[in-house]
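Sequence lines, in order, name chains U and A.
The numbering used here puts the last residue of the first sequence at 110; the count rises by one with no breaks.
The numbering used here puts the last residue of the second sequence at 114; the count rises by one with no breaks.
Beta carbons are placed, not taken as given, at the ideal position from N, Cα and C, and that holds for glycine.
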Amino acid sequence: EDQVTQSPEALRLQEGESSSLNCSYTVSGLRGLFWYRQDPGKGPEFLFTLYSAGEEKEKERLKATLTKKESFLHITAPKPEDSATYLCAVPNTGGFKTIFGAGTRLFVKA
Amino acid sequence: DAGVTQSPTHLIKTRGQQVTLRCSPKSGHDTVSWYQQALGQGPQFIFQYYEEEERQRGNFPDRFSGHQFPNYSSELNVNALLLGDSALYLCASSPGQVPNYGYTFGSGTRLTVV
C-alpha cells in the first residue's frame, strides 16, 4: 500500500538551531516527491520536487534531499518566520492522486 | 496573476444538509483536484478532474461528488452532511495530469457541520 510517514510530528527549535525533518515513503516507481509548506488557515505552498535518489534542491534556509526510501528537509539557522507545517507528498502508484503525510509542525522561537 | 480561488472561505451547515464548494484554477491550469484536511492531518485526496471527467477517486463515499466546467473551474458537492465532514476543503490545480511542478493550492473552504 502506498504510504507517506513524516517525523517528528512537531519540532521546537531556537532561532539559529539547525535540524532536519524526515519523510519516509512506500510507493512503486517513484514519480516525484514533493515538499510543501502550510501556514495556519492557508493552503499548502509548493517548495520542491525531487525525482531521483541523490538529488538535492535548495531554497533560502531549506535544503531537500532524497534517497530510495526517504527524504529529508534540512533547515539551516532557522528564523521565527520559518514556523509552519511542512508536508511531504508522493504521487500514488500508477494513478493520479497525490498522497500526503501528516506533516511536521515546526516552531522556531526567537 | 491570480492563483487558485475558492469560495466561500467559511461555511456552517447543519447535519443532513447539502453543500457546494467552488474553485477557479490558476490561469493555464486544466487539472483540478480536491482534498479534505482534518485538523492536524495531511490533506486526503477526494478526486481529480481533467477534461471535465473524474480521473481518479479517493476513499470517499458517493455523498461526495464533483464537476468540472469547460472553463476548468470546478465544484465539490457533499450531500447528507455528517459531523465528521467538518474540515478544510482544498482545491489544487496543475497544468496537465501529473503535477510535476507541484500543485497550486487555494486557501481552502473551512466547513463546519453542526
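**Item:** Beta-carbon neighbours of Ser107 (chain A), restricted to chain U and to distances below 8 angstroms
**Value:** Numbered from its first residue, the second sequence carries residue 107 (chain A) at position 107. Here the neighbours are Gly41, Lys42 and Gly43.
**Message:** Run through chain A and tell me which residues come within less than 7 angstroms of Lys97 (chain U), C-beta to C-beta.
**Reply:** The sequence position of residue 97 (chain U) within the first sequence is 97, counting from 1. The contacting residues are Phe45, Gln48, Gln56 and Gly58.
**Asked** Using a C-beta to C-beta distance shorter than 9 angstroms, which residues of chain A count as neighbours of Ala77 (chain U)?
**Response** Position 77 of the first sequence, counting from 1, holds the residue named residue 77 (chain U). Taking a Cβ-Cβ cut-off of 9 angstroms, Ala77 (chain U) has no neighbours in chain A, whose nearest Cβ is about 25 angstroms from it.
**Buried versus exposed call for Asp85 (chain A) [16 or more other C-beta atoms within 10 Å across all chains shown]** = The residue given as residue 85 (chain A) occupies position 85 in the second sequence. When all chains shown are included, Asp85 (chain A) counts as buried.
**Asked** Using Cβ-Cβ distances below 9 angstroms, what residues of the segment 64-93 of chain A are close to chain U?
**Response** Within the segment 64-93 of chain A, Leu88, Leu90, Cys91 and Ala92 place their CB atoms closer than 9 angstroms to a CB of chain U, listed in sequence order.
**Message:** Taking the straight line between their C-alpha atoms, what separation do you get for Ser28 (chain U) and Gly95 (chain U)?
**Reply:** Taking the first residue of the first sequence as 1, we reach residue 28 (chain U) at position 28. Taking the first residue of the first sequence as 1, we reach residue 95 (chain U) at position 95. Each residue's alpha carbon lies about 11 angstroms from the other.
**Asked** CB-CB under 6 angstroms to Glu54 (chain A), same chain, minus the five flanking residues each way: which ones, in chain order?
**Response** On the second sequence, position 54 is the one that residue 54 (chain A) refers to. If we look at Glu54 (chain A) and ignore the five residues flanking it on each side, its Cβ neighbours are Phe47.
**Message:** I need the DSSP call for Leu47 (chain U), collapsed to helix, strand or coil.
**Reply:** Position 47 of the first sequence, counted from the start, is the residue given in the question as residue 47 (chain U). Strand.
**Message:** Please report the straight-line C-alpha distance between Arg81 (chain U) and His29 (chain A), rounded to a whole angstrom.
**Reply:** As a first step, residue 81 (chain U) must be located in the first sequence, where it is residue number 81. As a first step, residue 29 (chain A) must be located in the second sequence, where it is residue number 29. The question names Arg, but residue 81 (chain U) is Glu in the sequence shown. Using only the alpha carbons, I get a separation of about 30 angstroms.
**Message:** Let me see if you follow: with CB-CB separation under 9 angstroms, is Val4 (chain A) close to chain U or not?
**Reply:** Walking along the second sequence from the start, residue 4 (chain A) turns up at place 4. Between Val4 (chain A) and chain U, the shortest Cβ-Cβ separation is below 9 angstroms.
**Asked** Cβ of Ser33 (chain A) within 9 angstroms of Cβ of Arg22 (chain A)?
**Response** Residue numbering aside, residue 33 (chain A) sits at position 33 when the second sequence is read from its first letter. Residue numbering aside, residue 22 (chain A) sits at position 22 when the second sequence is read from its first letter. No, these two residues do not count as a Cβ contact at 9 angstroms.
**6 angstroms CB neighbourhood of Gln3 (chain U) in its chain, flanking five on each side removed** = Along the first sequence, read from residue 1 onward, the residue named residue 3 (chain U) stands at position 3. The beta carbon of Gln3 (chain U) lies closer than 6 angstroms to those of Thr26 in the same chain, with the five residues before and after it left out.
**Prompt:** Could one say the Cβ of Ser33 (chain A) lies closer than 9 angstroms to chain U's Cβ atoms, at least one of them?
**Reply:** For the purposes of this step, residue 33 (chain A) is taken as residue 33 along the second sequence, with counting starting at 1. Yes, Ser33 (chain A) counts as interfacial toward chain U.
**Prompt:** Would Gln6 (chain U) count as contacting chain A if we go by Cβ distances under 9 angstroms?
**Reply:** To locate residue 6 (chain U), count along the first sequence from 1; it is residue 6. By this cut-off, Gln6 (chain U) is an interface position.
**Item:** Supposed close pair Val108 (chain U), Gly32 (chain U) - CB separation, criterion 8 angstroms
**Value:** Residue mapping note: residue 108 (chain U) aligns to position 108 of the first sequence, counting from 1. Residue mapping note: residue 32 (chain U) aligns to position 32 of the first sequence, counting from 1. 28 angstroms between Cβ atoms; not a contact.
**Prompt:** Cα separation between Thr5 (chain A) and Ser107 (chain A)?
**Reply:** Stepping through the second sequence from its first residue, residue 5 (chain A) is reached at position 5. Stepping through the second sequence from its first residue, residue 107 (chain A) is reached at position 107. Cα atoms of Thr5 (chain A) and Ser107 (chain A): separation of roughly 8 angstroms, rounded to the nearest angstrom.
**Message:** At the level of alpha carbons, what is the spacing between Gln17 (chain A) and Phe48 (chain U)?
**Reply:** By one-based count along the second sequence, residue 17 (chain A) stands at place 17. By one-based count along the first sequence, residue 48 (chain U) stands at place 48. Approximately 39 angstroms between the Cα atoms of the pair.
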